[in-house]
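Accompanying notes for the structure given below.
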Amino acid sequence: MHTHEIHTLFAGGMAFEANVNDHIIRMDAGPDDGGHNSGASPKRLMLAALAGCTGIDIVSILDKMKVAFSDLRIDTTADLTDEHPKTYKTVKISYTIRLQEEDRPKMERAVKLSEEKYCGVMAMFRAFAAIETEIIYL
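First residue of the sequence shown? That's 16 in my numbering, and the numbers climb one at a time after it.
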């Protein structure tokens, strides 16, 4: 079993700084919630973690398949519930990528493997949100 441990310090106002593998990540609330918007919102960081996790999977899988690609972008859009605690209820992940047309089935396979087998962040999201994915080819 692996354990992850993160140390987070209060940085004044509504801001916090988390030490993640010796990388400092600043989080803050927006002005409407009493913060100064001096860092990313914690909920949005969850979406960034989801995009990063699936992105790492896809790059690794495409590399193993020897698929050349460029211009990979991952956009995540999420809808929140209306009641507190406000959680994500639906998440859409859009993968935009440039690759050869004959490699499209390999990209589709890479996305499927990330969704169903490898991306632990996506598995956690599935516990509370419906996830939809799409691939846009350039």
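Note that CB positions come from ideal geometry on N, CA and C, so glycine has one too.
Asked                                                                                                          : Found
Straight-line Cα distance separating Ala93 from Thr105                                                         : 6 Å
Rounded Cβ spacing between Leu153 and Ile112 (contact assumed at less than 8 Å)                                : 7 Å
Start and end residues, alpha helix (DSSP H) containing Gly135                                                 : Gly135 to Arg141
Span of the beta strand (DSSP E) around Ala145                                                                 : Ala145 to Tyr152
Where Lys81 falls: helix, strand or coil (DSSP)                                                                : coil
Those runs of the beta strand (DSSP E) which lie wholly inside the segment 41-107 and span at least 3 residues : 84-95
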